[in-house]
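Read through the structure below, which is laid out as structure tokens, and then see the notes.
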Amino acid sequence: MLLAPALLACLLSLAQKPVLDSAVWEKWPDLNYVNINDNGSFISYTVSEPMLQKTTWVLQSTEANWKRVFETEKPIGSGFAGNNKLVFFNSSRESIGVMDLDSKNITYIPGAVSFADITLTKNGTLLLLNKQQHLLQVKDLVSGKEFSKGHVETYQLSEDGKNILVKYDSLMSEVALFPLALIRLADAHTWPISSGDYSSAILGRFIWNATEQKLAFIARATNGMYTVVYADLLSNKLTYLKAGASVIPDGYVVDELRQWNASGSGLLVTLQKKEGKSSEKKGVAVDIWSFADAKLQSRLQSEPTAKERYAAIWWMDSNKVMQLENANTRLWEVKGDYALMIYSERGVDVSEIYWNPYRLKDIYVINLNTGNQTVIQRKTESRFKLSAGGKYVISYDAAVGHFFCYTTHTGGRVNVTTAIKTNWNQYGDEEPGSKMRTLDAVAWLDNDSGVLLYDQCDIWQVDPAGKKAPVNVTNYYGKKHNMCFRFMTKQEDGVVLRADTSLILCAFNRNNKENGFFRKKLSELGDPALLTMQPKMFCVIDNPTFIVTYPMRAARADAFVVTRQSATEYPNLYFTRDFITFRQLTTLEPEKAFNWMTAELLTVKGVDGANGQAVMYKPENFDSSKKYPVIFFYYEKKSNELHLYHRVDKCTGDINIPIFVSNGYVVVTPDIHYKIGEVSKSAVDWVTSCAKMVSGYSWIDKTRMGITGHSFGGYETNCLVTHSNMFRAACAAAGMCDLMMEYGGLWFNGSSKQEYYDLRRGGLGKPFWEDKQAFIQNSPIYEVKNVATPMLLVHNKNDKAVPFAQSVSFFTALRRLGKPVWMLQYDGEGHSILGKPAMDFTIRLFQFFDHYLKEKPAPLWMTMK
């Protein structure tokens, strides 16, 4: 039978695609610096294409076909301004260019070569300060109006972009009387501000209150003393907080301005103790470690030299200062007119808060208008957060599995989730300490009338006063369909929503890994409305092990730029207003020039009969009549990455999946489900179960199966080779082998590693003195004699996460037993391998697996004696 010409051409084209070799590993294109203007009509972005030896900056319409491309030698920064009429950018002429988006004309700003030289307001007003001439030029780029001010040393723009505060230089004739001025940009109207004797210098930043009618700054007097100057711009009245004044604790000075309280009656400042003369240390240099220390000496030594710096509040009308912090009390956060304070007898390291006797703390709230204190809870381990308006404090009590709210003015406590039966912990968290951790409150309604909480699938709205019944905002839709609903944009701390807000929610289906968007109005009951769900990836936020770009929203319009990708589709930009229809803006597709890969979701049955998942990656030119070698690559759970686009790059410890698949390997990433105290067995059971299933495919050569992992995955590789002979070759990068030795170790910051094994991924749940056998059973070094798989170990002396000695111990044992093993160590590299060493490692990793899984001759470095 003759093939149709089109089909024959397609097959020939597919067969002729080159593989991803070392010539392209460092040259994959990047799309960065994405911006959208306020009404969503234009975007800008930079594309770096090393294979084509060019970088371009693109300005493009989102709903029309207009596009302007600028070639440059380096990525270009850009921004939009001027009521959506202007865009400014670094041009190839080494100056700032400004384009009018209506006429598309470009003008260049003389004397401005970088964004550091200019300020451009959202309304399109340009400020350029000539630092040599002390000349400030102000020009409205929309209307063309302009003015200038001489003798300007520095300036600061108000947050609304309507006013600037300038400091004049010493040559200004009136500087002794008026060293500062407030200037309205619209008409150059100027309000001189007197600061009395404090005319020498202005330090740090200016602090405006919410209405921008009050400002404060730190000044230096002619006698060298510092003070805080508070200016009421309505009355032009100035008040001074002088160093050494009776309102400041003796021996302290104001070191920093923090923020105004919500009402504007007080200013939060930082007091610092004056430095005295340091005495010369004599005698022997010795560190004394004591059982009574609240922190390990190693942790204390890794922290910056502690200075006595404490938060305080200054009430201007009464000119009083109240110190908020001391050696045992810390300000945790400020919301509205309330400060959340934490008192601890002695500060402990966060890694020891589950056992350290000094871990218990008192929580109280201070009213920043009156100074009144309200105790919230004493001797507690829980975490606390203030509501957006400061009316409530919310916390999660792990002992009972519920959220509690406290009123800040009375301290009254109510269980706000008592009527809800759900799991507040991260989905799939199988670590021993999972019940101690919870998903935080994500948003508050206006006037603190409600708070939104995530559970593992859905979103809840609860009443912080505990009077109204809680509402499942997503109507249990997530739980019914094994989906996860989350906000589609990254929510900043303290976000406030209207009670009738219509939310766009990101949705992720855990069964088939589809990703998309739903709409739900907070004030309406019922299921969320489906907008789109696709076998693609938009913004998965259910899996914290990898990062996916959030949609970018225009500031003043329901217009969005999203990134859409899949295992076979480069992450391109799309524009949407409704999340139903998407207009493609970029068309990068470098993978189409090479023998790429496909991704397939597998269901794996574990040894205990439970179902798990894995992803199988096969070459684009896959031929079922051939036999393929397979590499199993793992780190906890990776099946959520089914639709993730894996960027081509060198191997850094992990293998780069596309380059191995392109070169004729099948790669499988099985999920591992852990049982507390049986971490090693869990890894062995799930990986070998997956391997047994995959080896049953007719096109898999079960005699040529390899395994590899990095860090905890490297540890799991060591576990596999000591408990299974299924695999022909194994690579363990920066993996542990002796958990007893690891348990007593330190992290790079000096903190103890005990928590990692007691509560986190180490997964043992107990210290070794309570279950010595568990540490032995989970330590591959004790079963090293069972290894029959040739191994490549990779570990660097500068590794600050897993000690180099761990792989040395495994290597020396294998070497003495006569097992085929090699170890790579790269000078100057740490837990991962970067740059030129990563290129070298990638080449050697290919050579190692090619030798054992493709029967290629061993390279010289593997045969030298």
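Sequential numbering of the sequence shown, starting at 15, is according to my numbering.
Positions of the beta carbon are idealized from the N, C-alpha and C atoms, including for glycine.
Predicted, not measured: the structure shown is a model, and the values here were computed from it.
P549 and R570 have their C-alpha atoms roughly 31 Å apart. Under the DSSP assignment, I795 falls outside any alpha helix (DSSP H); it carries neither an H nor an E label. Fewer than three pairs of CB atoms, one per stretch, sit closer than 8 Å, so the stretch 787-804 makes no contact with the stretch 838-852. Here W875 is exposed: its Cβ has fewer than 16 other Cβ atoms, across all protein chains shown, within 10 Å. Assigned with DSSP and collapsed to three states, S184 falls in coil, not helix or strand.
Of the candidates Y182, S157, I434, the residue whose Cα lies closest to the Cα of E167 is Y182.
For M450, the secondary structure class from DSSP, reduced to helix, strand or coil, is helix. Looking at the backbone, the Cα of I847 and that of Y564 are separated by about 28 Å. Between the alpha carbons of F574 and T488 lies a gap of roughly 23 Å. Burial of K767 is indicated by the presence of at least 16 other C-beta atoms within 10 angstroms of its C-beta. For L185, the number of other beta carbons within 10 angstroms of its own is below 16, and it is reported as exposed. Rounded to the nearest whole angstrom, the CA to CA distance from A353 to N763 is 29 Å.
Pairwise C-beta distances place the stretch 405-419 out of contact with the stretch 802-810, as fewer than three of them are shorter than 8 Å. The three-state secondary structure of G492, taken from DSSP, is helix.
D592 and T384 have their alpha carbons spaced roughly 47 Å apart. One thing to note: F647 has its Cβ within 9 Å of the Cβ of G727.
Nearest in C-alpha terms to Y688, of all of Q470, L134, D699, I302, is D699. With a 10 Å radius around the Cβ and a threshold of 16 neighbouring Cβ atoms, V701 comes out buried. With fewer than 16 other beta carbons inside 10 angstroms of its own, V298 counts as exposed.
Just so you know, the alpha carbons of H165 and H148 end up roughly 5 Å apart. For E769, the enclosing alpha helix (DSSP H) stretches over residues 768-772.
Taking a contact to require three or more Cβ pairs closer than 8 Å, the stretch 631-651 and the stretch 589-603 do not qualify as touching. Taking the C-beta atoms as reference points, S703 is found nearer than 9 Å to G626.
For I302, DSSP assigns no beta-bridge partner whatsoever. Contact between K228 and Y254 does not hold, since the beta-carbon distance rounds to 14 Å and is not under 8 Å. Rounded to whole angstroms, the gap between the alpha carbons of F824 and R512 is 59 Å.
Shown here, N98 sits in coil according to DSSP, grouped into three states, outside any helix or strand. For M355, the enclosing beta strand (DSSP E) has its first and last residue at 352-358.
Exclusion of the five residues before and after Q470 leaves N437, Y441 as the residues of its chain whose Cβ lies within less than 6 Å of its Cβ. The three-state secondary structure of S312, taken from DSSP, is helix. By the neighbour-count criterion, in which a residue is buried when 16 or more other Cβ atoms sit within 10 angstroms of its Cβ, E317 is exposed. In the structure shown, Y729 adopts helical secondary structure according to DSSP, grouped into three states. With a cutoff of 9 Å on beta-carbon distance, Y659 and M754 are scored as not near each other.
When C-beta atoms of the stretch 94-103 are compared with those of the stretch 129-143, three or more pairs fall below 8 Å, so the two segments count as touching. Look at F762 here: in three-state DSSP terms it is coil, with no helix or strand label. In the structure shown, the three-state DSSP call for C419 is strand.
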